[in-house]
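Enquirer: One structure follows; several queries about it will come next.
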Amino acid sequence: IEDTTADATRRLNVKKQTLDDAYAAPANFLEIDVVNPVTMGVGKKRYTDYEVRMRTNLPVFRVKESSVRRRYSDFEWLRTE
1 IEDTTADATR RLNVKKQTLD DAYAAPANFL EIDVVNPVTM GVGKKRYTDY EVRMRTNLPV
61 FRVKESSVRR RYSDFEWLRT E
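UniProt numbering applies: residue 1 is where the sequence shown begins, and numbers increase by one.
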C-alpha cells in the first residue's frame, strides 16, 4: 500500500517556466469584463445593471464572444459562494 501512496503523490516532471513563458499570452483564455453600469428607475424602484462581456477560445464554448446585461442583484449570490 505504501508504494501506491508514493506513486499517487509523486510530482510530474515538468519543464521549468521561463519569464517569457510566464508573461506570454495563454494558449487558452476566458476573459470576462463587467462594464457600462446604467442606473434606471426612481426612488425605491431604482436599480443598476451592468454589461457582462465574455471572450474565449476554449473549445467547450460554441459562442466565442457574447454580451448580456445583468442587474446587481443577479451577482449577490457570488458573495456566499
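For each residue, glycine too, the CB sits at the ideal point set by N, CA and C.
1. Please classify residue 19: does DSSP put it in a helix, a strand, or coil?
2. So who's on the other strand from residue 30, going by DSSP bridges?
3. Just curious, the beta strand (DSSP E) that residue 69 is in, first and last residue?
4. Could you name the residues that DSSP lists as bridge partners for residue 48?
5. Check whether the stretch 15-23 and the stretch 40-55 are in contact - that is, three or more C-beta pairs closer than 8 angstroms.
Expert: This is what the structure gives:
1. For the purposes of this step, residue 19 is taken as residue 19 along the sequence shown, with counting starting at 1. It is helical.
2. Here residue 30 refers to the residue found at position 30 of the sequence shown. Looking at the DSSP assignment, residue 30 forms a beta bridge with 56.
3. Against the sequence shown, residue 69 aligns to sequence position 69. 65-71 is the span of the beta strand (DSSP E), which, as asked, contains residue 69.
4. On the sequence shown, residue 48 is found 48 positions in, with the first residue counted as 1. Looking at the DSSP assignment, residue 48 forms a beta bridge with 39.
5. Short answer: they don't touch.
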